[in-house]
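Since the structure comes first, as structure tokens, the remarks are kept for the end.
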Amino acid sequence: MANARVSGVIGGSSPKALINGKLVRVGETVDAGLGIIFDGVRDNQLIFKDRSGATLARRY
109 MANARVSGVI GGSSPKALIN GKLVRVGETV DAGLGIIFDG VRDNQLIFKD
159 RSGATLARRY
């Protein structure tokens, strides 16, 4: 996720992010190889979860 390019973020009740040119919604896969899904937006951070349930955060 460190190399992912974030082009935009839409907060609110149904957050979305434009990551590597793809619009992703909560619950959608961001990196299939690593099993990472987009989990939401909190405190100017994008939140992701991996297959094990570990949470990852990235500032935007």
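Using this note's numbering, the first residue of the sequence shown is number 109, and each one after it goes up by one. Each residue gets a CB set at the ideal place from its N, CA and C atoms; glycine is no exception.
C-beta contact flag for residue i and residue j at 8 Å
i: G148; j: P123; result: yes
i: V117; j: A110; result: no
i: R72; j: G143; result: This structure gives no information on residue 72, because the portion of the chain shown stretches from 109 to 168.
i: R166; j: N152; result: no
i: I145; j: T137; result: yes
Sequence-distant residues of its chain with Cβ nearer than 6 Å to residue i (five each side left out)
i: G119; result: V149
Per-residue burial, residue i [other beta carbons within 10 Å of its own, 16 or more giving buried]
i: L154; result: buried
Contacts around residue i, its chain only, beta-carbon distance under 7 Å, and the 5 residues preceding and following it disregarded
i: L131; result: K124
Sequence-distant residues of the same chain with beta carbon closer than 8 Å to residue i, five excluded per side
i: S115; result: L126, I127 and G129
Worksheet entry | alpha helix (DSSP H) runs contained entirely in the stretch 116-160, provided each spans 4 or more residues | If only complete runs of 4 or more residues are kept, the stretch 116-160 shows no alpha helix (DSSP H) anywhere.
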